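Participant:
Residue numbers (the numbering used here): 3 to 391.
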């Protein structure tokens with residue numbers, strides 16, 4: 003907890019009491035956890051800058067039926083052509099049927115937009131406001147097949163759904179606040195770990211490209227799942243770099259770049275160094291910059307004081323424990339505003355460890371020769387403000 007929940011002031015690290023209001027921090031933390039688990043406050047919330055404006059994300063441990071905020075679009079997921087709420091009383095469609103008088107089967111029979119043949123998605127007409135349903139204005143649905151390659155089918159379904167939302171936004175439909183349960187993990191029983199990273203990546207794509215969507219709220223009743231979602235958002239480069247509320251991001255007069263690479267890729271690293279030198283951009287490049295002390299300490303200190311972390315990704319680097327350790331160190335600094343810039347130089351697929359760290363971070367593909375041109379483009383794109391120095 004970074005702020006006092008009583009007065010809102012930033013807390014001094016390690017303090018037992020708030021230095022402004024005197025609130026007991028340990029007691030407040032316990033109360034804070036209880037409030038999160040009871041659905042009184044979100045596990046995570048953030049406002050951040052995108053190319054389509056300032057957007058918000060919230061993550062709640064909450065029953066959808068108890069949410070009282072305005073919901074322009076509630077997302078549900080079902081098996082293909084299986085909409086009978088009575089068969090799934092504990093599912094989202096069951097909860098809507100029994101508590102909100104919203105029958106997904108009826109909405110499916112008369113849709114505002116039907117893309118089920120194309121990507122399995124559809125959008126309802128506006129819902130009528132009632133006493134039981136005062137705040138849900140539309141339903142959006144993703145269909146999943148009963149028997150499938152889970153990861154592949156899930157990703158295709160979510161991508162199709164985001165594409166549909168971009169289409170309806172262009173048509174002028176009001177979808178300012180979109181609520182998503184962790185789709186696919188209920189009655190469809192798709193593994194949560196398969197769902198998590200693709201879902202978050204697509205949510206970030208939606209917020210970055212869709213001018214009408216202003217807020218996305220993720221909801222689940224399982225506190226462990228919700229905390230995992232919150233941690234993944236906290237570690238996201240797209241959010242950490244553009245969080246408008248963050249007051250501890252690295253603020254320097256000019257960039258300081260750490261370059262992580264495997265020794266077999268040193269020629270590519272040197273091309274990037276040459277481009278940084280041309281722009282008078284400070285960098286740290288082992289072993290050139292190790293002047294004293296223990297090698298590991300020099301690495302840690304260099305990453306600590308860097309604003310940007312360039313990692314050259316290849317079959318060679320994915321065999322290197324040193325590169326993976328450096329990425330892990332950099333990953334822990336994303337919350338401080340460190341910008342991670344992967345530079346992929348071959349067609350090798352990311353191995354699981356590298357995929358864990360880089361799945362939500364935009365990677366520059368530099369597989370097309372000549373490499374000298376790709377290195378120049380990469381540095382131009384990411385350090386444009388310094389190109390005239």
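The C-beta atom is built at its ideal place from N, Cα and C for all residues, glycine as well. Note that the structure is a prediction, hence the values are computed from the model and not measured.
Residue 62 to residue 270, Cα distance in whole Å?
Facilitator: Each residue's Cα considered, the two are about 44 Å apart.
Participant: List the whole-angstrom C-beta distance separating residue 312 from residue 262, where the pair is believed to meet the contact cut-off of C-beta under 8 Å.
Facilitator: Sure, about 7 Å apart at Cβ, within 8 Å.
Participant: State the Cα-Cα distance for the pair residue 336 and residue 109, rounded to the nearest angstrom.
Facilitator: C-alpha separation (whole angstroms): 43 Å.
Participant: Rounded to whole angstroms, what's the CA-CA distance from residue 307 to residue 314? Just pull it up for me.
Facilitator: Near 19 Å, if we compare the C-alpha coordinates of residue 314 and residue 307.
Participant: Counting along the chain, where does the beta strand (DSSP E) carrying residue 269 start and finish?
Facilitator: Note, residue 269: premise wrong, no beta strand (DSSP E); alpha helix (DSSP H) at 268 to 280.
Participant: Got a sec, what are the start and stop residues for the beta strand (DSSP E) residue 310 sits in?
Facilitator: Looking at the DSSP string, the run of the beta strand (DSSP E) that includes residue 310 is 310 to 315.
Participant: What residue from 154, 177, 123 and 66 has the CA that sits closest to residue 104's CA?
Facilitator: When each option's Cα is compared against that of residue 104, the closest is 66.
Participant: Please report the distance separating the alpha-carbon of residue 2 from that of residue 231.
Facilitator: This structure cannot settle anything about residue 2, because the visible part of the chain is limited to 3 through 391.
Participant: Within 10 Å of its beta-carbon, does residue 56 have 16 or more other beta-carbons around it, so buried, or fewer, so exposed?
Facilitator: With fewer than 16 other Cβ atoms within 10 Å, it is exposed.
Participant: Is it buried or exposed for residue 2, if we count other Cβ within 10 angstroms and need 16 for buried?
Facilitator: Absent from the structure is residue 2, since the part of the chain shown begins at 3 and ends at 391.
Participant: Would you report the Cα separation of residue 345 and residue 264, rounded to the nearest angstrom?
Facilitator: So the two alpha carbons sit approximately 13 Å from each other.
Participant: Which one of 128, 258, 328 and 343 has the shortest CA to CA distance from residue 302?
Facilitator: Per the Cα distances, 328.
Participant: Look at the Cβ atom of residue 77, then the Cβ atom of residue 211, and state whether they are nearer than 8 Å.
Facilitator: Result no, Cβ atoms of residue 77 and residue 211 do not sit closer than 8 Å.
Participant: Could you give the distance in angstroms between the alpha-carbon of residue 38 and the alpha-carbon of residue 164?
Facilitator: The alpha-carbon atoms of residue 38 and residue 164 are separated by roughly 28 Å.
Participant: Count the other CB atoms within 10 Å of the CB of residue 142; is the residue buried (16 or more) or exposed (fewer)?
Facilitator: It counts as buried.
Participant: State the DSSP-derived secondary structure class of residue 47, mapped to helix, strand or coil.
Facilitator: Here residue 47 sits in strand by DSSP.
Participant: In chain order, which continuous runs of the alpha helix (DSSP H) of length 4 or greater are located wholly inside the segment 313 to 373?
Facilitator: If we require 4 residues or more, the alpha helix (DSSP H) runs fully inside the segment 313 to 373 come out as 323 to 333 and 354 to 360.
Participant: Using three-state DSSP, classify residue 133 as helix, strand or coil.
Facilitator: Three-state result, residue 133: coil.
Participant: Which same chain residues end up closer than 8 Å to residue 257 when comparing Cβ atoms and leaving out the 5 residues on each side of it in sequence?
Facilitator: So the list reads 283, 284, 309, 310, 385 and 388, once near-sequence residues are dropped.
Participant: Could you give the distance in angstroms between the alpha-carbon of residue 111 and the alpha-carbon of residue 145?
Facilitator: Residue 111 and residue 145: Cα-Cα distance of roughly 14 Å.
Participant: Looking only at its chain, what residues have a beta carbon closer than 6 Å to the beta carbon of residue 214, apart from the 5 residues adjacent to it on each side?
Facilitator: Around residue 214: 171 and 177.
Participant: Could you check how far apart the C-beta atoms of residue 204 and residue 161 are, in whole angstroms? I think they sit under 8 Å.
Facilitator: Residue 204 to residue 161, Cβ: 6 Å. Contact.
Participant: Roughly how many angstroms lie between the CA atoms of residue 276 and residue 221, to the nearest whole one?
Facilitator: Between residue 276 and residue 221, the C-alpha separation is close to 47 Å.
Participant: Can you give the Cα-Cα distance for residue 369 and residue 326, rounded to whole angstroms?
Facilitator: Using only the alpha carbons, I get a separation of about 21 Å.
Participant: Across which residues does DSSP place residue 58 in a beta bridge pair?
Facilitator: Looking at the DSSP assignment, residue 58 forms a beta bridge with 49 and 217.
Participant: With a cut-off of 8 Å on the beta carbons, I'd call residue 348 and residue 317 a contact; round off their distance for me.
Facilitator: Correct: roughly 6 Å between the Cβ atoms.
Participant: When the Cα atoms are used, what is the spatial distance from residue 332 to residue 340?
Facilitator: Their backbone Cα atoms lie some 7 Å apart in a straight line.
Participant: Could you check which residue in 356, 279, 330 and 359 has the C-alpha nearest to that of residue 382?
Facilitator: Among 356, 279, 330 and 359, the Cα nearest to that of residue 382 belongs to 279.
Participant: Would you identify the three-state DSSP class for residue 163, choosing helix, strand or coil?
Facilitator: Three-state result, residue 163: helix.
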